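Peer 1: After the structure tokens below, expect a handful of questions from me.
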Amino acid sequence: MRVNHQQDRHGPIAATVARLRSFILAVCLLGVAGTPAWAGESHILVLGRISDDPAAHYEQLKPLLDYVVPRMADVGIREGRILMARDPQQMASYLRRERVDWVTETSGSGALLAERAGARPLLVTERDGERSYHAVFFARADSGITGIDSLQGSRIAFQRPTSTSAYFVPAGQLLRSGLKLDLLMSPLDTVGPDALGYLFARSELNIATWVHKGLVDVGVVSNLDWANPRRMPEAFRKDMVLIGRSEEFPRALELVRANLDPAVRERLRQVLVEAADDPLAAAAMHEFFGTTRFLPLDEEARRELAHLRELVQLVRSQVE
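In terms of the working numbering, the numbers along the sequence shown are unbroken and rise by one, the last being 307.
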């Protein structure tokens, strides 16, 4: 029995050490101390991600990279590395300087990287069986708000400035409808009668809480988060009403830098598309943000991305 107790004591310690190692490695891969010595080497495939939690994201990215690399030996790939950026601006710089080859991102961030660095969408990423999703606007049922066409003088909570479903898409839709958006420093700030004041709540649960408690008038999340009780508790949702929605757009994208070797690009596309049918890839796909399939960019996806790019450009030109 003493052996089992020792294992129980050492188990958490070993797990903590492993997490610490991952964190140290992830911080090193954030690139804040300069360009990694291995960046740009043709035999190394560099996978990038915009991250506010590099330790957690490293653990999610590495299994799929480890699966992909040996299957690309025929195009000269022998190693894989991960490089994370703190924001879209830094990732765009990495792409322009050929420090990153392949990026996995939300479609909104992907649109930014395409605009700023010429990143090329390679595949649509299906997560948890969902290829696409949309934004939903909601308010308290007793607020008297019934639509998004008369929100002047109100307050809306977005998630964060890099969110596709809870910022770029809904903000672009509101701007396109003729609304003026003014950034507020707190929910107590005064909103002009001709503007819609907005704040960033940082999480979907915070958005739901702010609307439920009356700190803001309207919130916006994805339809998937609306249906998720961890992000929209039933105790809150029963008091809410949906007042609008956006068009559909891809759940996520895999992108590559503009001048990646075509042979490497096409082999990467092939390996990822075929991974859904390979039992050896199942665990790695699951870790990769719940990915279930990588899908070719069909005409529907291209139309959705074109519309999304227009909304992102509108937000950047009129708000940011």
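From the three backbone atoms N, C-alpha and C, an ideal C-beta is built for every residue, glycine too. This structure is a prediction, so every number in the text was calculated from the model and none was measured.
Is DSSP giving ALA97 helix, strand or coil here?
Peer 2: According to the sequence shown, residue 97 is Gly rather than Ala. Three-state result, GLY97: helix.
Peer 1: Taking C-alpha atoms, which residue in GLU261, VAL228, GLU307 lies nearest to ALA126?
Peer 2: Cα-wise, what sits closest to ALA126 is VAL228.
Peer 1: From the DSSP output, in three-state form, read off ILE143 for me.
Peer 2: The answer is strand: DSSP assigns ILE143 an E or B state.
Peer 1: Which stretch, first to last residue, makes up the alpha helix (DSSP H) that contains ILE194?
Peer 2: Looking at the DSSP string, the run of the alpha helix (DSSP H) that includes ILE194 is 191 to 199.
Peer 1: Among VAL251, ASP88, GLN160, which residue has its Cα nearest to the Cα of HIS121?
Peer 2: Considering only alpha carbons, the answer is GLN160.
Peer 1: Using the beta-carbon count (16 or more within 10 Å), is ASP212 buried or exposed?
Peer 2: Buried: at least 16 other Cβ atoms inside 10 Å.
Peer 1: Just to check my reading of the structure: LEU311 and GLU241 have Cβ atoms closer than 8 Å, yes? What is that Cβ distance to the nearest angstrom?
Peer 2: It is not possible to answer for residue 311, since the shown part of the chain is limited to -12 through 307.
Peer 1: Using 10 angstroms around the beta-carbon of GLU221, count the other beta-carbons present and answer buried if the total reaches 16, otherwise exposed.
Peer 2: When all chains shown are included, GLU221 counts as exposed.
Peer 1: Determine the DSSP secondary structure at PRO108, reduced to helix, strand or coil.
Peer 2: PRO108 falls in the strand class under three-state DSSP.
Peer 1: If you follow the beta strand (DSSP E) that LEU170 is part of, which residue opens it and which one closes it?
Peer 2: That run of the beta strand (DSSP E) goes 167 to 170.
Peer 1: For GLN257, does the count of other Cβ atoms within 10 angstroms reach 16, so buried, or fall short, so exposed?
Peer 2: Classification for GLN257: exposed.
Peer 1: According to DSSP, TYR81 sits in a beta bridge with which residue or residues?
Peer 2: TYR81 pairs with nothing; no bridge assigned.
Peer 1: Once the 5 residues before and after ALA288 are set aside, which same chain residues still bring their CB inside 7 Å of it?
Peer 2: Counting only Cβ-Cβ distances below 7 Å, and skipping sequence neighbours, we find VAL111, PRO237.
Peer 1: In chain order, which alpha helix (DSSP H) runs of at least 4 residues are fully inside the segment 191 to 267?
Peer 2: Fully enclosed alpha helix (DSSP H) runs of 4 or longer: 191 to 199, 210 to 213, 221 to 224, 249 to 262.
Peer 1: What are the boundary residues of the beta strand (DSSP E) that GLY184 is part of?
Peer 2: Looking at the DSSP string, the run of the beta strand (DSSP E) that includes GLY184 is 182 to 187.
Peer 1: In the DSSP assignment, find the unbroken alpha helix (DSSP H) run with ALA158 in it and report its ends.
Peer 2: Note, ALA158: alpha helix (DSSP H), 156 to 163.
Peer 1: Would you decide whether VAL302 is buried or exposed? Buried here means 16 or more other CB atoms lie within 10 Å of its CB.
Peer 2: Buried is the call here.
Peer 1: Would you report the Cα separation of GLU297 and ARG290, rounded to the nearest angstrom?
Peer 2: GLU297 and ARG290: Cα-Cα distance of roughly 11 Å.
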